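Asks:
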Amino acid sequence: MSNTIFAFGLGIGAQNKEGNWLEVFYPTPSVNVEKSTLDAILESTNYEGGNCTLVLDESDLNRLHMSLLKAGNIEQAELASRLKASTKPVILCVLASDEAPTSPAEVYLKLQLISHRLVTPHNTVLDGMFGLLINTAWTSEGPIDVRELADRQLSARMEGRTIEVFSVDKFPKMLNFIVPTGIRVGDAARVRLGAHLAEGTTVMHEGFVNFNAGTLGNSMVEGRISAGVVVGNGSDLGGGCSTMGTLSGGGNIVIAVGEKCLIGANAGIGIGLGDRCIVESGLYITAGSKVAVLDENNQVVSTVKARDLSGQSDLLFRRNSASGAIECKTNKTAIELNEALHAHN
């Protein structure tokens, strides 16, 4: 066995009537776990290696607490001790290697690794995760299997209570699991678990951030960051703008936005942007869009498909107000514009 493991988490799980996991909350997951912590897990639980999920009882947690203390991992030792008081199932999920998840507990650990900023989007394997997650009603009484919701609602009404349903989805709100430092979010429902919000990120009320996507630095998000899209430091997404993710028609092209870019209000991209790019408000660029490339005298020097410009820096995309043609020219004002935008972040 290797001297380190990819990740592990101690958490609290919720199940449906059939005993299937609806969610697992890991308050302090860990990555690149040292040998001393691995040895503590091996000697105090039934973990025997590989990627594994175990349900721990009070005696397991007592042993794990003592072993982790001896290993010098005070944070996880204290968590193990505290979880002894849990009335819900306590889970230990260990990922010896970063492979496609095989259970909801593994999916939830990986999503929380991203939202805890322990790994960045695209740096953990999530293949096949949708098939492992159950459609869940996220309610004022916690997660409920949607197939069990009507019965729970009736029982609650009979007791004089009302169960408020916030959403029906495979993914919960990120902020119900982790609130990273140095961020602002106008509407918690618009940031899914598995989003990566870097320090200095503001997500306004109409902004949206999907799983395995997000920001890498200061960013004002008033548009949509779709699944798999990563936005670089100092870039901003204007109101109502869109980034095309792999789940919404982007195919296998990973859409990324570089640093100090601006995507204008109601604009959108189906290509990657390098650094210091601007997309004019209202302009949607797909990979197959024909783009007239202009020289410094605003003369057309070539016409290309937008995918040929994907990832290039210092570009300004605009629509010709007379002809309607999409044009691209060297962007000389992006740095000054972004400095002004971020002056009062």
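Throughout the sequence shown, residue numbering follows UniProt numbering, covering 1 to 345 in sequence.
Just so it is clear, CB atoms sit at the ideal spot from N, CA and C, and this is done for glycine as well.
This one's a predicted model, so the numbers in the text were calculated from it and none came from an experiment.
Quick one: measure Cβ to Cβ for K170 and N210, integer angstroms, because I've assumed they're closer than 8 Å.
Replies: For this step, residue 170 is matched to residue 170 along the sequence shown. For this step, residue 210 is matched to residue 210 along the sequence shown. The Cβ separation is near 12 Å, so there is no contact.
Asks: If I'm right that A105 touches W21 with Cβ under 8 Å, what's the distance once you round it to whole angstroms?
Replies: In the sequence shown, residue 105 corresponds to position 105, counting from 1. In the sequence shown, residue 21 corresponds to position 21, counting from 1. Sure, about 6 Å apart at Cβ, within 8 Å.
Asks: Which stretch, first to last residue, makes up the beta strand (DSSP E) that contains S302?
Replies: The residue labelled residue 302 in the question sits at position 302 within the sequence shown. Note, S302: beta strand (DSSP E), V300 to K305.
Asks: Between which residues of its own chain and A325 is the CB-CB distance below 6 Å, once the five residues before and five after are set aside?
Replies: Here residue 325 refers to the residue found at position 325 of the sequence shown. A292, listed in sequence order.
Asks: Got a sec, what are the start and stop residues for the alpha helix (DSSP H) Q76 sits in?
Replies: The sequence position of residue 76 within the sequence shown is 76, counting from 1. Counting along the chain, the alpha helix (DSSP H) containing Q76 begins and ends at I74 to R82.
Asks: Going by DSSP, what residue range makes up the beta strand (DSSP E) through Q15?
Replies: The residue you call residue 15 lines up with position 15 of the sequence shown. Where Q15 is concerned, the enclosing beta strand (DSSP E) stretches over I5 to Q15.
Asks: Counting C-beta neighbours from all protein chains within 10 Å, is the total for K173 16 or more, i.e. buried, or is it exposed?
Replies: Start at 1 with the first residue of the sequence shown, and residue 173 comes out as number 173. Per the 10 Å Cβ criterion, buried.
Asks: In three-state terms, what does DSSP make of T37?
Replies: The residue you call residue 37 lines up with position 37 of the sequence shown. Here T37 sits in helix by DSSP.
Asks: Which residues in the same chain have their Cβ closer than 7 Å to the Cβ of G240, if we skip the five residues on either side of it in sequence?
Replies: In the sequence shown, counting from the first residue as 1, residue 240 sits at position 240. Same-chain partners within the cutoff: E206, G223, A265 and N266.
Asks: If you draw a straight line from the C-alpha of G249 to the C-alpha of R117, how long is it?
Replies: Taking the first residue of the sequence shown as position 1, residue 249 is located at position 249. Taking the first residue of the sequence shown as position 1, residue 117 is located at position 117. Residue placement at G249 is poorly supported in this model, since its pLDDT is 45, which falls under 50; the coordinates still yield a value, given next. Between G249 and R117, the C-alpha separation is close to 27 Å.
Asks: Going by DSSP, name the residue or residues bridged to L133.
Replies: Locating residue 133 in the sequence shown gives position 133, where the first residue counts as 1. DSSP lists no partner for L133.
Asks: Helix, strand or coil: which one does DSSP assign to D196?
Replies: In the sequence shown, the residue the question calls residue 196 occupies position 196. A quick correction: the sequence has His, not Asp, at residue 196. It is a strand residue.
Asks: In the DSSP assignment, the beta strand (DSSP E) including V203 goes from what residue to what residue?
Replies: Translated into the one-based positions of the sequence shown, residue 203 becomes position 203. Where V203 is concerned, the enclosing beta strand (DSSP E) stretches over T201 to V203.
Asks: Is T120 closer than 8 Å to D98 when the C-beta atoms are compared?
Replies: Mapped onto the sequence shown, residue 98 falls at position 98. Mapped onto the sequence shown, residue 120 falls at position 120. The answer is no: Cβ separation not under 8 Å.
Asks: Could you tell me the distance, in whole angstroms, from the CA atom of Y232 to the CA atom of D275?
Replies: Here residue 232 refers to the residue found at position 232 of the sequence shown. Here residue 275 refers to the residue found at position 275 of the sequence shown. The question names Tyr, but residue 232 is Gly in the sequence shown. Taking the straight line from one Cα to the other gives about 8 Å.
Asks: Rounding to the nearest angstrom, what Cα-Cα distance links T303 and E296 in this structure?
Replies: Residue numbering aside, residue 303 sits at position 303 when the sequence shown is read from its first letter. Residue numbering aside, residue 296 sits at position 296 when the sequence shown is read from its first letter. Cα to Cα, T303 sits roughly 16 Å from E296.
Asks: Return helix, strand or coil for N51, following the three-state DSSP convention.
Replies: Taking the sequence shown and counting its residues from 1, one reaches residue 51 at position 51. In the structure shown, N51 sits in coil (DSSP, three-state: anything other than H, G, I, E or B).
Asks: Pairing CB atoms from the segment 27–45 with CB atoms from the segment 147–157, are three or more of them under 8 Å?
Replies: Touching, no, given that fewer than three Cβ pairs across the two stretches are closer than 8 Å.
Asks: Do L316 and L309 have their C-beta atoms within less than 8 Å of each other?
Replies: In the sequence shown, the residue the question calls residue 316 occupies position 316. In the sequence shown, the residue the question calls residue 309 occupies position 309. Cβ atoms of L316 and L309: not closer than 8 Å.
Asks: State whether the segment 107–115 contacts the segment 193–200, with contact taken as three or more CB pairs (one from each stretch) at a distance under 8 Å.
Replies: As far as the Cβ criterion goes, the segment 107–115 touches the segment 193–200, which means the pair count is three or higher.
Asks: Does the separation of the CB atoms of A213 and G228 fall below 8 Å?
Replies: Here residue 213 is taken as the residue at index 213 of the sequence shown, counted from 1. Here residue 228 is taken as the residue at index 228 of the sequence shown, counted from 1. For A213 and G228, yes; Cβs fall inside 8 Å.
Asks: Alpha carbon to alpha carbon, how far is N176 from E164? Give it in angstroms, no decimals.
Replies: Against the sequence shown, residue 164 aligns to sequence position 164. Against the sequence shown, residue 176 aligns to sequence position 176. C-alpha separation (whole angstroms): 16 Å.
Asks: Report the start-end ranges of each alpha helix (DSSP H) in the segment 97–127 that is 4 residues or longer and not cut off at the edges.
Replies: Counting whole runs of 4 or more residues, the segment 97–127 contains the alpha helix (DSSP H) stretches 104–115.
Asks: Is it true that the CB of A96 sits closer than 8 Å to the CB of F6?
Replies: In the sequence shown, the residue the question calls residue 6 occupies position 6. In the sequence shown, the residue the question calls residue 96 occupies position 96. Cβ atoms of F6 and A96: closer than 8 Å.
Asks: Evaluate D236 with the Cβ neighbour count: other Cβ atoms within 10 Å of its Cβ, from every protein chain shown; 16 or more gives buried, anything less gives exposed.
Replies: The count along the sequence shown starts at 1 and reaches residue 236 at position 236. So D236 ends up on the buried side.
Asks: Excluding five sequence neighbours on each side, which residues of the same chain lie with their C-beta closer than 6 Å to the C-beta of L262?
Replies: Here the question's residue 262 lines up with position 262 in the sequence shown. D236 and I278, listed in sequence order.
Asks: Taking the beta strand (DSSP E) that M220 belongs to, which residues open and close that run?
Replies: The residue given as residue 220 occupies position 220 in the sequence shown. M220 -> beta strand (DSSP E) spans S219 to V221.
Asks: What number of angstroms, rounded off, separates the C-alpha of T4 from the C-alpha of L38?
Replies: Taking the sequence shown and counting its residues from 1, one reaches residue 4 at position 4. Taking the sequence shown and counting its residues from 1, one reaches residue 38 at position 38. Taking the straight line joining both Cα atoms gives about 7 Å.
Asks: Our contact map puts I255 next to R307 with C-beta atoms below 8 Å; I'd like the distance itself, whole angstroms only.
Replies: Here residue 255 refers to the residue found at position 255 of the sequence shown. Here residue 307 refers to the residue found at position 307 of the sequence shown. 11 Å between Cβ atoms; not a contact.
Asks: What separation, rounded to the nearest whole angstrom, lies between the Cα atoms of G142 and S36?
Replies: In the sequence shown, counting from the first residue as 1, residue 142 sits at position 142. In the sequence shown, counting from the first residue as 1, residue 36 sits at position 36. The alpha-carbon atoms of G142 and S36 are separated by roughly 36 Å.
Asks: Please work out which residues of its chain come closer than 6 Å, Cβ to Cβ, to G128, disregarding the five sequence neighbours upstream and downstream, and give them in chain order.
Replies: Sequence index remark: in the sequence shown, residue 128 carries index 128 (1-based). Contacts found: A100.
Asks: Would you tell me roughly how many angstroms separate the C-alpha atoms of G186 and T243, rounded to the nearest one?
Replies: Within the sequence shown, the letter at position 186 stands for residue 186. Within the sequence shown, the letter at position 243 stands for residue 243. The alpha-carbon atoms of G186 and T243 are separated by roughly 20 Å.
Asks: Determine the direct distance from the alpha carbon of S103 to that of N51, and round the result to whole angstroms.
Replies: As a working note, residue 51 is residue 51 in the sequence shown. As a working note, residue 103 is residue 103 in the sequence shown. Approximately 10 Å, taken between the alpha carbons.
Asks: Using a 10 Å radius around the Cβ and a threshold of 16 neighbouring Cβ atoms, would you call F130 buried or exposed?
Replies: Within the sequence shown, the letter at position 130 stands for residue 130. With fewer than 16 other Cβ atoms within 10 Å, it is exposed.
Asks: Is K173 helix, strand or coil when you go by DSSP?
Replies: Sequence index remark: in the sequence shown, residue 173 carries index 173 (1-based). Three-state DSSP puts K173 in a strand.
Asks: Drop a sphere of 10 angstroms on the beta-carbon of R161, count the other beta-carbons inside from all chains shown, and report buried for 16 or more, exposed for fewer.
Replies: Working through the sequence shown from its first residue, we reach residue 161 at position 161. Exposed: under 16 other Cβ atoms inside 10 Å.
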